[in-house]
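To keep things clear, I will list the structure first and then write my remarks on it.
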Amino acid sequence: MYDATWLLRLSARRRLRQLAALDPAQAQRRVLSSLIHRARRTRFGRDHGFSTAWSLDDYRARVPLRDYDGFWEAYWRAPFPRLADCTWPGLIPWFAVSSGTATGTTKYIPVSREMHRANVRASADLVTHHLANRPESRLFAGRVFMLGGSTGLERQAPGVFSGDLSGIAAAAMPGWARLRYFPPRDLEAIADWQVKIERFAARSLEEEITGIAGTPSWLLIFLERLIEIAGSRRGGAAGRIADIYPALEMLSHGGVAWAPYRDRFAALLDGSRAETREVYPASEGFFAVADRGDGEGLRLLLDNGIFYEFVPLDQLGSERPDCRWIGDAEPGVNYALAVTTCAGIWRYLVGDTVTLVDRTPPRVLVTGRTSYMLSAFGEHVIGAEVERAVAEAARAIGATVSDFAAGSLLPQETGARGGHLYVVELGAEGSGPDAGSKARFAAALDATLCRLNDDYAAHRAGGYGMDAARVRFLPAGAFAAWMKSRGKLGGQNKVPRVINDPALFAALQAFADSHDGTEHGTRRP
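All letters in the sequence shown, in the order written, are residues 1 to 525 by our numbering.
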C-alpha cells in the first residue's frame, strides 16, 4: 500500500506551528464569540438575547448551567427528532446515542455537521502529536483499525439518524480516509459484538495494521481473542501482538481511565514498537489529546469549536457557582467540566471531573465522573482514587485487571457498619489466585484508599464509620457477559466504574452470585 504519511507530516508541521503560537485565552474568547454569533437566530439564541455583543461575564450571567435532562426538557424533547434552528442553526442530522454509564438512561446528543468536522480535526491533532513524537512514522503506509460500536444508524426522520458515535463517523467519512481505514464496510455493519470480534480478528490478519483505537476494556477482549485466532492458524503457538501486527506503531485509547489497564497492555505490547496515546472523546465533542507521555495530561483542543468552563465540585447545584475558564482555572483543583459547542449545547455539564495539570499549554487529567463518587458515609472517594486503588491492589499480587465496578453497601441491621464493595475481574494470568492473594488484594485496595483520601481514612479509623473495602472476584469474561445481559455489549458501551444507582448495583451483585463471585475482606454486615 502506498505510504501517504508524508502528506500528513506536512500538515502536522503547519499545525505544530499554529499550536506553538496559540494564546489559550484569546483562542477560547474567539471560539465563544463565534458560537454566539452563529446561533443568534436560533430559538436558544433568541431566548438568551444572542443578537447583542456579549462579554464572557454577560454570557455566564444570562445562560445557566444545564445538564442533559435540562436541555432535553427545555429545548430538545418537543421537536425531537427534527431539531431545526433550535439550539444550533439548521437541521441536526445526527444524534449520538449514549447509554449513560452510571444509570443506563438513553441520551440523544446532537451532532451537527460542524461538530463532525471538529471531530475530524481533533483526530488530525492526535496524528500530529504522534508524528511529532515519531518522526520516522509510517502510520499511513497501512490501515488504522477503529474498534468502535455498531455503524448501523437508525433513521429517526428524513435526513436525521441516530446511533453510536463511531457509526456517525463512519457514515460521514470521506473517501480518502476510508482507503486507510479498517474495518471494511461489510464488517463494520455487523451488530453482534461477539461475531464482530471474530470477523475483525480474522480479516485483520490479512492487513498491515499500523494503528488501532478503542476503549481499553474492549481492546483487551479483542487483542486476546486475536492472539488465540492467530495462534490457532500457526499450529497453536500463542504469539505476541508484536508478531501479529509487526507494523503497529500507535494504540489510541480513551473512554475510561487507563491506570487499571496499563500493566496489562504493557504485557500485551511487549516487543512491539507501538506507543500508547490517550484521547478524551465524548458524545458531546472531542476535548483533548495526549501530546506528551503517558500520565502527563491531555492537551485541551482550544480552537476547535468548543468553549470550556470549570465548575468547583462543591458548588454544583448552587444558584451562582464561581465558574472558571481557561483564563483563570487553577491547577490541582478538581472541577466539573462544562462545555459550549458547535452542536448547540450551551454551558452543558458533561458529567466528567477534571484537574488542570498545566497552563501553557492547558492540559487536563480526567479524574472521574460527577456521579462517580462513593460517599454514602461522607467519605468523598472520587473516581480517580478508585481507579488508582484497584490498579495498586492488582500490582500488589502481580495481577492485572480486566474490568471492575464499585458501589456502596449500606448496613442492614442495627449496629452494623456499611462500606464499599468492589466487583473485580482479573486478567487471564490472575483469574485463579489463591485465597491469600485475593485477601492481599482487598487489603492493598483498602490501604491505598486510606492513603489517598483523608475522609475515607477517618471513617475507617478504628472501624468508626465503615468496614474495610470488600472485593468479589469474577471469572474471566464475566463482565462482558453482564454487559451482554443488559444489551450493552460493544465498543461504545463502558462498564460503569462507580455505581450509585442501587437497582443497578443490586443487579450486578445478583449477577456475581450467579457466577460464583468470591468475596474477600471484612464480612458483609
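Every residue gets a Cβ at the ideal spot worked out from N, C-alpha and C, and that includes glycine.
Go through its chain and collect everything with a Cβ distance to residue i's Cβ below 6 Å, but skip five positions before and after it.
i           : result
residue 506 : none
residue 346 : 63 and 340
residue 302 : 24, 27 and 28
residue 67  : 349
residue 394 : 400 and 401
residue 287 : 280
For residue i and residue j, I'd like the C-alpha separation in whole angstroms.
i           : j           : result
residue 212 : residue 435 : 37 Å
residue 498 : residue 445 : 15 Å
residue 138 : residue 3   : 7 Å
residue 294 : residue 366 : 13 Å
residue 459 : residue 379 : 7 Å
residue 90  : residue 297 : 36 Å
residue 114 : residue 20  : 25 Å
residue 448 : residue 392 : 7 Å
residue 495 : residue 252 : 19 Å
residue 180 : residue 142 : 7 Å
residue 328 : residue 58  : 17 Å
residue 400 : residue 219 : 15 Å
residue 371 : residue 172 : 33 Å
residue 47  : residue 41  : 10 Å
residue 146 : residue 184 : 10 Å
residue 361 : residue 355 : 14 Å
residue 381 : residue 452 : 9 Å
residue 363 : residue 493 : 26 Å
What does the Cβ neighbour count give for residue i, buried or exposed, with the cut at 16 atoms within 10 Å?
i           : result
residue 106 : exposed
residue 554 : Coverage of the chain is limited to positions 1 through 525, which leaves residue 554 absent and any answer about it impossible.
residue 467 : buried
residue 485 : exposed
residue 248 : buried
residue 162 : buried
residue 385 : buried
residue 64  : exposed
residue 406 : buried
residue 291 : buried
residue 352 : buried
residue 88  : buried
residue 454 : exposed
residue 215 : buried
Kindly list the residues whose CB is nearer than 7 Å to the CB of residue i, restricted to its own chain and excluding five residues on each side of it in sequence; keep chain order.
i           : result
residue 35  : 307, 340 and 342
residue 322 : 312 and 315
residue 109 : 95, 96, 98, 283 and 284
residue 440 : 396 and 397
residue 250 : 130, 139, 211, 274, 275 and 277
Can you tell me where the alpha helix (DSSP H) with residue i in it begins and where it stops?
i           : result
residue 479 : 478-485
residue 456 : 454-460
Locate the beta strand (DSSP E) running through residue i, then write down its first and last residues.
i           : result
residue 422 : 419-426
residue 279 : 275-282
residue 309 : 306-312
residue 472 : 470-474
residue 299 : 298-300
For residue i, I'd like the list of residues in its chain whose CB is within less than 8 Å of its CB, leaving aside the five on either flank, ordered along the chain.
i           : result
residue 15  : 124, 125 and 128
residue 410 : 376 and 418
Is there a Cβ from chain B that is less than 7 Å from the Cβ of residue i?
i           : result
residue 445 : No chain B is part of this structure, which consists of one protein chain only.
Quick check for students: name the residue ranges of the beta strand (DSSP E) that lie wholly in the segment 105-185, counting only runs of 3 or more. 107-111, 143-146, 154-157 and 160-163
Return the chain-ordered ranges of every alpha helix (DSSP H) run that is complete within the segment 182-242 and spans a minimum of 4 residues. 185-188, 193-204 and 216-233
Beta strand (DSSP E) runs contained entirely in the segment 325-371, provided each spans 3 or more residues: 334-341, 348-359 and 362-369
Contiguous alpha helix (DSSP H) assignments of at least 4 residues, all confined to the segment 18-85: 24-38, 43-47, 56-62 and 68-71
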